[in-house]
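Here the structure is laid out as structure tokens; the discussion comes afterwards.
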Amino acid sequence: VTPPGIVTLTTDFGTADGYAGALKGAVLARLPSARLVDLSHDLAPGDVAAASHLLARAAPLFPPGTVHVAVVDPGVGTARRGLALRAGGQLFVGPDNGIFAGVLEALGEPPVVHALESRSLWRAPVSPVFHGRDVFAPVAAHLAGGGELAQVGPALAPGDLVRLAAPVPSPVAGGMRGEVVHVDRFGNLVTNLCASEGAEASVEVAGRRLPLSRTYADVAPGALVAVVGSSGRVEIALRDGSAAAHLERGAGLVVTLRPPRESG
Amino acid sequence: VTPPGIVTLTTDFGTADGYAGALKGAVLARLPSARLVDLSHDLAPGDVAAASHLLARAAPLFPPGTVHVAVVDPGVGTARRGLALRAGGQLFVGPDNGIFAGVLEALGEPPVVHALESRSLWRAPVSPVFHGRDVFAPVAAHLAGGGELAQVGPALAPGDLVRLAAPVPSPVAGGMRGEVVHVDRFGNLVTNLCASEGAEASVEVAGRRLPLSRTYADVAPGALVAVVGSSGRVEIALRDGSAAAHLERGAGLVVTLRPPRESG
Amino acid sequence: VTPPGIVTLTTDFGTADGYAGALKGAVLARLPSARLVDLSHDLAPGDVAAASHLLARAAPLFPPGTVHVAVVDPGVGTARRGLALRAGGQLFVGPDNGIFAGVLEALGEPPVVHALESRSLWRAPVSPVFHGRDVFAPVAAHLAGGGELAQVGPALAPGDLVRLAAPVPSPVAGGMRGEVVHVDRFGNLVTNLCASEGAEASVEVAGRRLPLSRTYADVAPGALVAVVGSSGRVEIALRDGSAAAHLERGAGLVVTLRPPRESG
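Chains as they are written, first to last, in our numbering: chain P, 2 to 265; chain U, 2 to 265; chain V, 2 to 265.
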């Protein structure tokens, strides 16, 4: 199968300084036919968890053979490894710092993992402060052009990858207790509690009990609403506003999922 | 004619949460050869009027057959319809909430409108909170790949579209009175008053009377200047600064266009 | 050689107002096969020096024949010239206001320069406030499609280009004194002092003396560190934080590069 030549980019570089542009140039220099797709350059500096969250939400939708480069890399230039992985038909290139934890969990399939050691694929010399440009970009171009994963370096056991500490929900009397793990641009509070769209349930948050609704506009403007978000996680929103601002809370807020409140 | 396969994206998603990335993946999954073009993901949450303004300015310039997906959609999951339109050689996909009002006025040609009802074109299941990913993106891919507009669902009369309430200028003694309808990134105050580039006129705003100038640098640094903007609307700018900050005003500020002040 | 059809875009337009979208549409209208690459639309309004810095860092990496359009253009519509240049295998289109100073210095090769005068290549009519859309975009499409540079207008001597005033380092007793010329998104203070990666040196800044380290994580979290940045300039960073915020300083801060402190 010919890969589609698509290379997505996820960084905390912003765009104004030229680092994201350099990353793009370095991919195209090696594979002028590559088709670049920005996922984000606006992640908070060093926020590996946010990058992991973004990739989990977006990467699985892309066509097979897409190469996803992710560079949130505060440990650049140290002994931390560079990785290239294949999982669920997608390819990933970036640092071994947990950045792929979310998407690997979302894809639910053990990845094939290789460490980046084949310096012949890299730009030379390699700047110790910009592996995105000098290591990850050319390796991504190699893979997007149909190069073998095994050529990037030796195989690693998936269990050897660095993990991200992520809170997990726990059962409580009559329900499941989780917490807010992400606040999105709309001020929606995204939790780590899974639910099926259409499930009957109620959600306890900040002293309130909300029925699980179908969509944001199922409540009046200005009211809190709990829905199943588009990635299957329970989230708390405020219709036409920001739940995070309204509740003055964010990541870490406890949320409990319970059976629907009994009528009577 | 083969469509160019170009799909533009206009949303209020930001990029950091992965929603824009998911939209891109959903287009490419259905049409791997699609050529994505970001118009903006930085619109204020829920600001349908800003999306309408952006599309009016940018969309008419694209080559025929371009598909413009616009998702500012606070009513997602409710009874609001999804639409696909063709006008001026361009195609548009998004919610029926007025988001296409500006571009349809700019194109000045009655559109061919269809409601999105052909679920076979959509992703399944459809999340009630993310029609961008599950409905609009795959329909856009269908159209960008050369699929028929009529296949997306039944035709609608253009007059049945939801409209945006937009202020219209009114004649006053010796002139035309309009108002500021948009403040851009430079702090320029864009009005709803049309004028031809090169017209001789004067502009009254905030107690001042300014001649209609040709370009920003026709006045001294720090001075207010009225020009005909690049979309043919009168705008008030401050050379090398922000007129909005200088006047401490924005949308709604009254602006009157008059004949040139008589010399005397 | 067939050019790759890549057109990069660098502006201070933001994306929310539709100016960047109009620029993209104007390129694609003339060359539907063009492959657009955003470098940045987030430069501070009117910040020509920041655009120059960005292009210096990013543009040299792109494949030969790439066309870079740069529009930070506070003098739009005045007598300032428009330019198209070729240097180092790359092509550049934009205003003659110093915006290409950094990249021409980085490429280190005299450019071939032409003034934009061939109105037949432009959109008509030309708005005096938006040469990006009406002049630079169609000229870029001409070049990206393989059109001749000489067709855009008459040749200019490189020495006739408008220059940017840029501070230059000066020798001092036992070292070289420069200054911070750019603060990046991470709060790193980028200087105009060049050094080779791996050089032994020490850096004086704000009353401190720091050894030149290899990478950010060579010091403890929260400590200042001096490294050679990815474009070969000395920069001052704070591990896991912002040096600019920590020192409460930015552009203009004096930094002196000296031989390594003698042990003793």
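The beta-carbon is built from N, C-alpha and C at its ideal position, and this holds for glycine as well.
So, is residue i buried or exposed, given that buried needs 16 or more other C-beta atoms within 10 angstroms?
i             : result
residue 82/V  : buried
residue 180/U : buried
residue 160/V : exposed
residue 96/V  : buried
residue 249/V : exposed
residue 139/P : buried
residue 125/U : exposed
residue 141/V : buried
residue 133/U : buried
residue 222/U : exposed
residue 210/U : exposed
residue 66/U  : buried
residue 149/U : exposed
residue 236/V : buried
Output needed for residue i: all residues of its chain with C-beta closer than 6 Å, excluding positions within five of it in sequence on either side, in chain order.
i             : result
residue 64/U  : 5
residue 74/V  : 96
residue 188/V : 243, 244, 245 and 246
residue 68/P  : 8, 92, 141, 144 and 145
residue 157/P : 114 and 116
residue 205/V : 257
By the DSSP assignment, the beta strand (DSSP E) with residue i in it spans what residues?
i             : result
residue 227/P : 225-229
residue 238/U : 234-239
residue 119/P : No beta strand (DSSP E) contains residue 119/P, which DSSP labels as neither H nor E.
residue 262/V : Note, residue 262/V: premise wrong, no beta strand (DSSP E); not H, not E.
residue 53/V  : Residue 53/V -> not in any beta strand (DSSP E); alpha helix (DSSP H) instead, spanning 49-59.
residue 69/V  : 68-72
residue 125/P : It is not in any beta strand (DSSP E) - residue 125/P carries neither H nor E in the DSSP assignment.
So, under 8 Å CB-CB, residue i and residue j are touching, yes? Tell me the CB distance rounded to an integer number of Å.
i             : j             : result
residue 10/P  : residue 77/P  : Not quite, the Cβ-Cβ distance comes to about 16 Å (not below 8 Å), so this is no contact.
residue 130/V : residue 231/U : 5 Å
residue 85/P  : residue 94/P  : 5 Å
residue 186/U : residue 15/V  : 4 Å
residue 214/P : residue 196/P : At roughly 12 Å, the Cβ-Cβ gap does not stay under 8 Å, so residue 214/P and residue 196/P are not in contact.
residue 1/V   : residue 182/V : Nothing about residue 1/V can be reported from this structure: the residues present for chain V run from 2 to 265 only.
residue 151/P : residue 55/V  : Going by Cβ atoms, the distance from residue 151/P to residue 55/V rounds to 37 Å, so no, they are not a contact pair.
Between residue i and residue j, what straight-line distance do the alpha-carbon atoms span, to the nearest angstrom?
i             : j             : result
residue 28/P  : residue 169/V : 32 Å
residue 242/P : residue 229/V : 45 Å
residue 30/U  : residue 59/P  : 12 Å
residue 225/P : residue 247/P : 9 Å
residue 19/V  : residue 40/V  : 17 Å
residue 207/P : residue 255/P : 8 Å
residue 265/V : residue 128/P : Per-residue confidence for residue 265/V stands at a pLDDT of 40, beneath the threshold of 50, marking its modelled position as unreliable; the derived number appears in the next sentence. Using only the alpha carbons, I get a separation of about 31 Å.
residue 171/U : residue 234/P : 50 Å
residue 253/P : residue 44/P  : 19 Å
residue 22/V  : residue 262/V : 53 Å
residue 26/U  : residue 137/U : 12 Å
residue 123/V : residue 32/V  : 13 Å
residue 163/P : residue 147/U : 45 Å
residue 238/P : residue 153/P : 44 Å
residue 42/P  : residue 72/P  : 9 Å
residue 35/V  : residue 135/V : 17 Å
residue 46/V  : residue 12/V  : 9 Å
residue 251/P : residue 167/P : 15 Å
residue 184/U : residue 184/P : 28 Å
residue 220/U : residue 57/V  : 32 Å
Between which residues of its own chain and residue i is the CB-CB distance below 7 Å, once the five residues before and five after are set aside?
i             : result
residue 88/P  : 105, 108, 110 and 112
residue 165/U : 49, 50, 53, 99 and 102
residue 155/P : 115, 116 and 118
residue 218/V : 240
residue 37/P  : 8, 10, 25 and 28
residue 216/P : 228
residue 194/P : 170, 177, 179, 234, 235, 256 and 258
Considering only residues of the same chain and omitting the five flanking positions on each side of residue i, which have a CB-CB separation below 8 Å?
i             : result
residue 260/P : 175, 176, 201, 202 and 203
residue 61/U  : 89, 91, 104, 107 and 108
What residue does the alpha helix (DSSP H) around residue i start on, and which one ends it?
i             : result
residue 139/U : 138-145
residue 106/U : 102-108
Less than 7 Å separating the Cβ of residue i from some heavy atom of the ligand SAM?
i             : result
residue 220/V : This structure does not include the ligand SAM; it has no bound ligands of any sort.
Please identify, using Cβ separations under 8 Å, the residues of the region 37-67 of chain P that lie next to chain B, in order along the chain. Note that chain B does not occur in the displayed structure, where the protein chains are P, U and V.
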